[in-house]
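So the structure is just underneath, and the comments pick up after that.
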């Protein structure tokens, strides 16, 4: 027997921050709903309840239980998709946690800070070049899933090769110097596909938010760093690479949900009514505000990448370098907490203001490192960086998705991620040399300057666009957020 329900509720989501009233009418068979089975039920649904968190955790560890998901995604198929996306984000975070141990591994096999910086710069080069290529391939093939499978297999293979062949020298060159950069040719593109699928789910499934899905990647990243820290202290810095290989294989077997989001939601229209335009890279730069944002993204990502040299700060304050995993885990915890409160923030403040707040948090992080004299003070400073990146995640990707041309969402997200890789390339190449010449705190001071410059350029771009180019800003700088702005 089919029961009909009409839900009246208030939710906060990426595409409609404050929506009140009857949202959708459902007919469902055998749907378990806590509450009275009346013809009209009133459920005060929150975007993420305590039960939601508990159920998601149970799902990930196969303990089962009630879902606690919002009423509008209680159908079995949609609930399964949401939980699978959380699992994919979580496992990708686990697999990516090896990134924080790359510099430690390179240092352990005898490379100096400058040499490690060069290797990490090459890593960022690979992460810069490959995501747009993979993204354009996914858009052209209309199949994110096939590209996802290829990239995850690449992650598993390259991570396994680092500790097995990395210490081998060929003509004086450590193979790790070539294999570690190759890992980013698969890590970053696979993340962009997971991010693009999460954005599509946040648009197509009522009650689901991108920031809440992306939060599970941060949770996995935190869990991976915490788990790897004692293992690295006992068995060495090669352990995270073997662990990442296993996590990538698990990710491969759980990634079939990507098939559900092969086509961006704005493309799901009649082909005769809206013919698909050709995938061309130049189309991304026809929008002034999108072009400026993608370019200056490099500036704000430089302080974010500075934390890769946290090992050298710990050395300077005479702390155990194996604690780098715990320090970074605390940083990502700040990111997770920010993502948890992001719907409340976005409901009350415009997106550009939150972006400015993110840059401000990066400034506080870089400034804090100047005065850090213990693991505790370094960790507290690092938490500001986590909060900053959490604000970036809950605002920037939706901003990019909103401004990107139709049919170019995957490419636009990939370019946005590539900007972070360009920033990392600059930070790693210059950072290693700066550390050897002037010390690690000088590098953090440069990161502070980049964050301040981003604030100046971002504000200036809005002023120039509205006053000189006479182009209306896609979102207001300081006016209160309205529900229609995320549409």
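Numbering (this note's numbering), first residue to last: 1007 to 1493. The C-beta atom is built at its ideal place from N, Cα and C for all residues, glycine as well.
Note on residue 1341: 16 or more other CB atoms within 10 angstroms of its CB, so buried under the neighbour-count rule.
Listed as beta-bridge partners of residue 1176 by DSSP are 1179.
Shown here, residue 1356 sits in coil according to DSSP, grouped into three states, outside any helix or strand.
Secondary structure note for residue 1408: its alpha helix (DSSP H) is the uninterrupted segment 1381-1409.
A contact between stretches requires three or more CB pairs, one per stretch, nearer than 8 Å, and the segment 1216-1228 meets this requirement with the segment 1338-1356. Between residue 1345 and residue 1224 a beta carbon distance of about 7 Å is seen, short of the 8 Å cut, so the two are scored as contacting. CA-CA distance, residue 1446 to residue 1409, rounds to 38 Å.
Here the alpha carbon of residue 1381 sits roughly 45 Å from the alpha carbon of residue 1293.
Taken atom to atom, the span from the alpha-carbon of residue 1331 to that of residue 1470 is near 43 Å. Sequence-distant partners of residue 1254 (beyond 5 residues in either direction) whose C-beta falls short of 6 Å from its own C-beta, in its chain, are 1101, 1158, 1161, 1162. In the structure shown, the three-state DSSP call for residue 1299 is helix.
Taken atom to atom, the span from the alpha-carbon of residue 1139 to that of residue 1173 is near 30 Å. Its Cα nearest to that of residue 1133, the residue 1430 stands out among 1430, 1462, 1466, 1480. Taking the Cα positions, residue 1307 is about 10 Å away from residue 1432. Of the residues 1210, 1099, 1358, 1379, the one whose Cα lies closest to the Cα of residue 1479 is 1358. Pairing residue 1250 with residue 1104 gives a Cβ-Cβ distance under 8 Å.
In the displayed model, residue 1326 falls within coil according to three-state DSSP, outside both helix and strand.
When the alpha-carbon of residue 1227 is set against those of 1095, 1476, 1475, the nearest one is in 1095.
Excluding five sequence positions before and after residue 1115, the CB atoms of its chain that fall closer than 8 Å to its own CB belong to 1172, 1173, 1180, 1182, given in chain order. Here DSSP, grouped into helix, strand and coil, assigns residue 1293 to coil. By the 16-neighbour rule on beta-carbons within 10 angstroms, residue 1144 is buried. A Cβ-Cβ distance of about 7 Å is found for the pair residue 1131 and residue 1187, placing them in contact under the 8 Å criterion.
About 4 Å separates the beta carbons of residue 1337 and residue 1392, which is inside the 8 Å limit, making them a contact pair. If you draw a straight line from the Cα of residue 1240 to the Cα of residue 1328, it comes to about 10 Å. Counting C-beta atoms within 10 angstroms of its own C-beta, residue 1136 has 16 or more neighbours from the protein chains shown and is therefore classed as buried. Rounded to the nearest whole angstrom, the C-alpha separation of residue 1175 and residue 1184 is 11 Å. Judged by DSSP secondary structure, residue 1378 falls outside any alpha helix (DSSP H); it is assigned neither H nor E.
Minimum Cα-Cα distance from residue 1458 among the listed residues 1246, 1363, 1117 corresponds to 1363. Spanning the alpha carbons of residue 1444 and residue 1388 requires a straight line of approximately 21 Å. Distance from the CA atom of residue 1299 to the CA atom of residue 1315, rounded to whole angstroms, is 26 Å. DSSP places residue 1420 within a helical segment (H, G or I) once states are collapsed to three. Taking 8 Å as the cut-off, the beta carbon of residue 1333 is found closer than this to the beta carbon of residue 1384.
In this structure, residue 1335 sits away from residue 1237, with a CB-CB distance that is not shorter than 8 Å. Rounded to the nearest whole angstrom, the C-alpha separation of residue 1142 and residue 1266 is 19 Å. Residue 1370 and residue 1177 have their C-alpha atoms some 44 Å from each other. Taking the C-beta atoms as reference points, residue 1419 is found nearer than 8 Å to residue 1201.
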